[in-house]
Each structure stands twice: as structure tokens, then as C-alpha cells.
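**Student:** Heads up: the sequence shown runs through residues 1 to 198, numbered per full-length UniProt numbering.
I'd like to ask some things about the structure below.
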Amino acid sequence: MSPKDPQVRASIGQFYAAEKKWDQAIALLGEASKAAPADKNIRYQLGIAMASAGDYQAAMPHLIRAVGEAEAHYNIGYILRDRGELQASESQFLQAVLLKPEFNEAQYWLDEIRREKENRLMLAGVSSDASAGLNQGAKQASYSQAKPKKTAAVKTRAQVSGMQAANVSPSASTTQTAKAPANLTAEQLEQWRNQRQL
1 MSPKDPQVRA SIGQFYAAEK KWDQAIALLG EASKAAPADK NIRYQLGIAM ASAGDYQAAM
61 PHLIRAVGEA EAHYNIGYIL RDRGELQASE SQFLQAVLLK PEFNEAQYWL DEIRREKENR
121 LMLAGVSSDA SAGLNQGAKQ ASYSQAKPKK TAAVKTRAQV SGMQAANVSP SASTTQTAKA
181 PANLTAEQLE QWRNQRQL
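Written out as C-alpha cells, the structure is:
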């Protein structure tokens with residue numbers, strides 16, 4: 001394999017991304033993407049590296065071309081959430097749900113962020129009546145009422161090798177947040193989430 005081969009450049013770019021050396025990762029993944037513009041995996045990796053470096057505007061077109069618009073908002077929302085930027089993350093998850101109402105993963109994280117924001121306000125001494133106006137706007141079903149469809153093309157760790165450090169999907173999270181068991185019905189998931197709040 002030649003060092004100029006797009007897959008070689010992408011692999012080296014993934015290495016730099018795993019090391020959080022975003023400038024080098026973006027440069028190599030950008031070269032790989034130019035050499036193989038139809039390769040959605042390379043384009044996805046480039047978008048994730050750009051978003052992880054904080055350049056969300058530059059990342060968005062790459063992510064949209066790689067996985068779709070709703071999924072692009074989801075991935076950026078997840079990166080923002082991991083950084084603790086809850087307001088911006090909430091906005092991205094909301095966009096994903098508005099674009100694709102059946103996108104259960106985005107709805108789940110939107111609900112989690114809103115719950116976390118409400119908990120922070122309550123800890124700060126603000127009543128939930130005062131915080132009720134914070135989440136007004138788009139009217140949508142809660143996650144527990146959403147139909148359990150899995151139609152979104154969200155990239156996971158298994159689908160994008162070498163991007164573990166980006167933590168862009170719930171399965172790749174390294175945060176302290178407990179993960180719901182797989183294959184729960186909507187009612188079971190709601191019960192599990194309610195038990196976590198105790």
C-alpha cells in the first residue's frame with residue numbers, strides 16, 4: 001500500500017483522532033476524503049474529527065453526506081453532550097428529532113439532557129414551575145411514548161473502526177451514565193429510567 005492511498009491516510013488519521021490530535025487527524029482524513037470522495041466512512045470520520053475539534057459548522061456537511069441530516073445533528077449533539085455543553089447539545093438532539101420523529105436514540109438523549117438541566121435547576125433552588133418554560137417550543141412525544149423503531153443510520157463504534165475516542169454513540173460512551181439494558185420495551189425502559197431517578 002502506498003502512503004498516498006486514501007485508506008492508509010484514513011487509518012493514520014484515525015490514529016491521530018484516537019490520540020485527540022485533531023489538527024493532524026483532520027489534515028489526513030481531509031486528504032483521504034478528497035482522494036476517495038465517495039467513501040462515506042472516511043467522510044464520517046472527517047466530520048467526527050472536525051466536530052471533536054470544535055468546528056461543528058465544517059463538520060456538518062461531511063456528516064450529512066455520510067449518514068444523513070438527522071444523524072449528523074445526533075452525532076454533533078452527542079459530542080457536545082460529552083463536553084458538557086448541554087444547551088447546544090439539546091438543540092442538536094431537538095433538530096434530529098424534528099427531522100426524524102422516529103429517531104428514538106435522539107429522543108432519549110434529548111429527554112436525558114432536559115432531565116439533567118431540570119435537576120441542576122432544582123439543586124440550585126429553582127422550582128420546577130420556574131424551569132417549566134425552559135423546554136417549551138417544539139411539541140413532541142416523550143421517549144417512553146415513541147414507537148420502538150430502529151431506522152436511523154447512526155454510526156456506532158463497530159461500524160467506524162478506530163474512532164472510539166470520539167464517543168459519538170451511546171454504545172461508545174465512557175461517561176458514568178448507566179446504560180439501559182438492550183431489548184427493553186418502551187414501558188420497561190420508562191420503568192428502568194424512573195428507578196434510576198430514586
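We put the CB at the ideal spot given by N, CA and C, even for glycine.
Taking the Cβ atom as the reference point for each residue, do L86 and E105 lie within a distance shorter than 8 Å?
**Tutor:** It is not a contact, given that the beta carbons lie outside the stated cut-off.
**Student:** Pairs of beta-carbons, one from the region 71-89 and one from the region 42-58, closer than 8 Å: are there three or more?
**Tutor:** Counting Cβ pairs under 8 Å, three or more are found: they touch.
**Student:** Which first and last residues belong to the alpha helix (DSSP H) in which E34 is found?
**Tutor:** Residue identity differs from the one stated: residue 34 is Lys in this sequence, not Glu. Unbroken alpha helix (DSSP H) run through K34: 22-35.
**Student:** Is it buried or exposed for Q57, if we count other Cβ within 10 angstroms and need 16 for buried?
**Tutor:** It counts as exposed.
**Student:** Quick one: is D23 buried, meaning 16 or more other Cβ sit within 10 Å of its Cβ, or exposed?
**Tutor:** Exposed, because fewer than 16 other Cβ atoms sit within 10 Å of the Cβ of D23.
**Student:** Do A32 and A10 have their beta-carbon atoms positioned less than 8 Å apart in this structure?
**Tutor:** Yes, these two residues count as a Cβ contact at 8 Å.
**Student:** Start and end of the alpha helix (DSSP H) containing R81?
**Tutor:** Run containing R81: 69-82, per the alpha helix (DSSP H) assignment.
**Student:** Do R65 and I113 have their beta-carbon atoms positioned less than 8 Å apart in this structure?
**Tutor:** Their beta carbons are not under 8 Å apart, which means I113 does not touch R65 by this criterion.
**Student:** Are there 16 or more other CB atoms within 10 angstroms of the CB of P6, so buried, or fewer, so exposed?
**Tutor:** Buried, because 16 or more other Cβ atoms sit within 10 Å of the Cβ of P6.
**Student:** Determine the closest residue to R120 out of G30, G84, A38, with distance taken between C-alpha atoms.
**Tutor:** Nearest C-alpha to R120: G84.
**Student:** List the whole-angstrom C-beta distance separating L99 from E69, where the pair is believed to meet the contact cut-off of C-beta under 8 Å.
**Tutor:** The pair is a contact, with the Cβ atoms about 6 Å apart (cut-off 8 Å).
**Student:** Could you have a look at F15 and say whether DSSP puts it in helix, strand or coil?
**Tutor:** The answer is helix: DSSP assigns F15 an H, G or I state.
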